[in-house]
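Residue numbers (the numbering used here), protein chains in the order written: chain A, 1 to 222; chain B, 223 to 444.
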């Protein structure tokens, strides 16, 4: 019982910061999306392509979460200078307090959209609200099609599922991934989830994802 | 400060169970290995092939950790009946207390080797000792070659690194994975780590891994 109460206290403290971040973003009419996936599913590559290809329409900044190193932030800096790195120093998820500090260091007024790239982890980040308008879960086809069943929380909570690396399907390698099964399993957990099969490498499928982003940013401007 | 102390108490309680498990295994001269990776790197497929191909030499049991579902345990049951499922109900890693209960439910005396398949997570499981003789980290080439640098803890602590899905290298897909870079980065963190590039699907490279397992089981019998 003791442990549960402490866990609740940590979550409550986190939620206070999350509400503060949410108010900060709402006041400025900025869209903020929290991107979550396993390590290596392609979050950074998706972000670089998205930022570059939308740069004439939407100004995008990134809060980059990593346990250590700034490898991903440096990669993203090639596409936008609006990047803030958070190193969690071992922690398995970003906290709303960390994001609060990062938001103060981004040129928020010049941006339309802020992506938070969370620590690579399909489990823990789903429990910590950061003040975002929505979560984006990324699943690479190389990870297998049983992931919505095995890690349901993040699929139940996300606005969008990006099924990445679809260039691997039907290529020279054997990948056990049934896109229709994943769509059905994800929709069983979350009937409203938007699903875009994409390849951030080849660009296949990205235009539908861009359409969703452009509409979501536009809705905030109304 | 408060949170840190609580975290320490949880770790200390875990270590007491880990020592209990370690004594239980040492007394019976059973090898126990804790397998850790991101979701979808191929732990279950590696285990199924290993159990099947070594079945005339080494009797292997499995403690299967999942957040929910028994999908993996059911897959493993095709290769061995000595499987115990632990559902963590949301928790992102196995605890030594859970493994303690599972060991009591395995036919330990009839086995030579017990694999613990941890929850798919490259971060949290590395902090929780389970009483195992060693950790095995699995990295799929689809996850990219920056993972030892970005998630150093588990590479620093593991006895073996299995680089899986090498059938994808040089196939019809573009995979950014330099095996030599990963080997060098892992050895910078852990000079004694054994590294076996394998494909659990095609069987390529598995014989070196089997050689290491057979020798490790044999050393316990001396």
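Cβ coordinates follow ideal geometry from the N, Cα and C atoms, glycine included.
Taking 9 Å as the CB-CB cut-off, is residue i touching chain A?
| i | result |
| --- | --- |
| residue 255/B | no |
| residue 342/B | yes |
| residue 390/B | yes |
| residue 263/B | yes |
| residue 312/B | yes |
| residue 396/B | yes |
Mapping DSSP to helix, strand and coil, what is residue i?
| i | result |
| --- | --- |
| residue 255/B | strand |
| residue 288/B | strand |
| residue 24/A | helix |
| residue 208/A | helix |
| residue 351/B | coil |
| residue 361/B | strand |
| residue 213/A | helix |
| residue 179/A | helix |
| residue 123/A | coil |
| residue 328/B | coil |
| residue 190/A | coil |
| residue 58/A | coil |
| residue 17/A | helix |
| residue 314/B | coil |
| residue 425/B | coil |
| residue 371/B | helix |
For residue i, would you say it is in contact with chain B, using Cβ-to-Cβ distances shorter than 9 Å as the test?
| i | result |
| --- | --- |
| residue 178/A | no |
| residue 71/A | yes |
| residue 143/A | yes |
| residue 150/A | yes |
| residue 123/A | yes |
| residue 197/A | no |
| residue 136/A | no |
| residue 140/A | yes |
| residue 38/A | yes |
| residue 201/A | yes |
Against chain C, with Cβ distances strictly below 9 Å, would residue i count as a contact?
| i | result |
| --- | --- |
| residue 100/A | Absent here is chain C; the protein component of the structure consists of chains A and B. |
Between the C-alpha atoms of residue i and residue j, what's the straight-line distance to the nearest angstrom?
| i | j | result |
| --- | --- | --- |
| residue 336/B | residue 246/B | 12 Å |
| residue 174/A | residue 397/B | 14 Å |
| residue 445/B | residue 351/B | Outside the shown range of chain B (223 to 444) lies residue 445/B, about which nothing can therefore be said. |
| residue 391/B | residue 366/B | 11 Å |
| residue 312/B | residue 262/B | 18 Å |
| residue 4/A | residue 153/A | With a pLDDT of 47 at residue 4/A, under the threshold of 50, the modelled position of that residue is not reliable, and the figure given next carries that caveat. Distance between the alpha carbons of residue 4/A and residue 153/A: 19 Å. |
| residue 298/B | residue 270/B | 6 Å |
| residue 387/B | residue 110/A | 43 Å |
| residue 412/B | residue 380/B | 8 Å |
| residue 401/B | residue 45/A | 20 Å |
| residue 290/B | residue 338/B | 16 Å |
| residue 98/A | residue 303/B | 47 Å |
| residue 209/A | residue 202/A | 14 Å |
| residue 328/B | residue 426/B | 31 Å |
| residue 20/A | residue 232/B | 30 Å |
When DSSP builds the beta bridges, which residues end up paired with residue i?
| i | result |
| --- | --- |
| residue 339/B | 257/B and 286/B |
| residue 418/B | 384/B |
| residue 307/B | 286/B |
| residue 356/B | 255/B |
Report, in whole angstroms, the separation of the C-beta atoms of residue i and residue j, which I expect to be a contact under 8 Å.
| i | j | result |
| --- | --- | --- |
| residue 60/A | residue 51/A | 5 Å |
| residue 140/A | residue 218/A | No, residue 140/A and residue 218/A are not in contact; Cβ-Cβ is about 29 Å, not under 8 Å. |
| residue 22/A | residue 131/A | 4 Å |
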